[in-house]
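The sequence shown begins at 0 in numbering that gives the first Met the number 0 and counts up by one. Worksheet for the structure shown next.
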Amino acid sequence: MLRGLFLLVLSVSAVASAQPRVLKVGVTAGPHAQILEVAARVAAKEGLTVKIIEFSDYVQPNEALAAGELDANSFQHQPYLDQQKKDRGYRIVSIARTVTFPIGVYSRKHTALGQLPKGARVALPNDPTNGGRVLKLLEREKLIQLRKGVGIDASVTDVEANPKQLKFIELDAAQLPRSLDDVDAAAINTNYALEAGLNPLKDALVREAAASPYANVLAVRESERSRPEFQVLVRAYHSSEVKRFIDETFRGAIVTAW
């Protein structure tokens with residue numbers, strides 16, 4: 000009887016261990032999806048299937064993760080995640096750094112920031128963290144001056160000096176490439192710039208430095224951060240195959256952050 004019970008336990012354990020390991024990971028379309036496709040092929044060598052779910056904006060991936068519709072997501076930088084947790088109460092944490100997308104300012108009307116006329120219309124992302132990073136970039140280029148001591152969460156209300164009287168148009172990040180014909184300049188996240196056929200290295204009037212606090216992350220629900228599948232996913236993402244793909248495909252427009 001005991002021997003039969005022992006064999007039954009072994010049988011159940013074998014079936015459980017034989018169950019395929021699958022992770023549903025949300026990404027924004029474009030570079031994040033491309034990079035994760037390579038990581039998924041690496042993860043498959045360790046028996047992990049990564050199902051990639053694409054989204055068209057920055058809001059839905061965290062909503063889907065918090066609701067249990069995803070196991071993880073890969074689309075946002077750490078300051079954005081921190082702001083989302085503060086604003087929406089998400090219990091989501093980062094488990095690894097991925098890549099950095101230096102943001103750039105683009106224009107179809109001018110070839111240098113110094114050419115922006117008085118009263119120029121400048122479009123920027125309407126989410127606090129990406130909008131703040133653009134304002135810090137414009138301050139670095141001496142187009143504006145922000146309130147002393149303001150950090151990466153700067154907003155247009157923190158602009159204290161604006162010699163050219165720039166007019167800031169805040170738009171959803173995904174809409175910024177479409178705004179280029181209607182504004183003097185637009186600050187566009189690299190993933191959306193690439194999707195729109197822009198070359199960040201050649202077309203941007205100015206870009207952030209590659210070393211910045213805006214490294215993107217793999218995020219999961221806090222309660223599940225210790226799942227062994229995530230260790231496999233991180234190893235796959237941080238593999239030499241993925242790094243080589245990023246370096247050869249994006250040639251400095253996107254840089255690894257691990």
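For each residue, glycine too, the CB sits at the ideal point set by N, CA and C.
- In this model, residue 106 and residue 22 are separated by some 40 Å (Cα to Cα).
- The residue from 45, 201 and 235 with its alpha-carbon nearest to that of residue 110 is 201.
- Excluding the 5 residues flanking it on each side, residue 42 has same chain C-beta neighbours closer than 7 Å at 49, 231, 232 and 235, in chain order.
- In this structure residue 55 is in contact with residue 173, their Cβ atoms being roughly 6 Å apart against a cut-off of 8 Å.
- A check of alpha carbon separations from residue 121 across 104, 157 and 97 identifies 104 as the nearest.
- In this model, residue 237 and residue 96 are separated by some 9 Å (Cα to Cα).
- Residue 217 is bridged by DSSP to 73 and 95.
- Residue 185: member of the beta strand (DSSP E) spanning 184 to 187, first to last residue.
- Between the C-alpha atoms of residue 119 and residue 39 there is a straight-line separation of about 44 Å.
- Burial is judged here by how many other beta carbons sit within 10 angstroms of a residue's own beta carbon; residue 212 has fewer than 16 and is exposed.
- Rounded to whole angstroms, residue 53 and residue 98 show a C-alpha spacing of 18 Å.
- Rounded to the nearest angstrom, the gap between the Cα atoms of residue 147 and residue 101 is 24 Å.
- The beta carbons of residue 190 and residue 31 sit about 6 Å from each other, so the pair counts as a contact at 8 Å.
- Residue pairing of residue 229 in beta bridges, as defined by DSSP: absent, with no partner found.
- Check the Cα spacing between residue 114 and each of 226, 204 and 153: the tightest is with 204.
- Taking the Cα positions, residue 155 is about 15 Å away from residue 141.
- Residue 166 carries a strand assignment under DSSP once its states are collapsed to helix, strand and coil.
- With respect to the 9 Å criterion, residue 214 and residue 251 are not classified as neighbours on the basis of their beta carbons.
- Of all alpha-carbon atoms in 245, 217 and 228, the one lying nearest the alpha-carbon of residue 93 is that of 217.
- Of the residues assessed, residue 159 falls on the exposed side of the cut-off, its CB having fewer than 16 other CB atoms within 10 angstroms.
- Secondary structure of residue 23 (DSSP, three-state): strand.
- Only residues of its own chain outside the window of five on either side were considered, and among them 120, 121, 122 and 168 have a CB closer than 7 Å to the CB of residue 182, listed in chain order.
- Cβ neighbours of residue 199 within its own chain (closer than 8 Å, five residues either side excluded): 101, 103, 189, 192, 193, 206 and 252.
- The three-state reading of DSSP puts residue 89 in coil, since its state is none of H, G, I, E or B.
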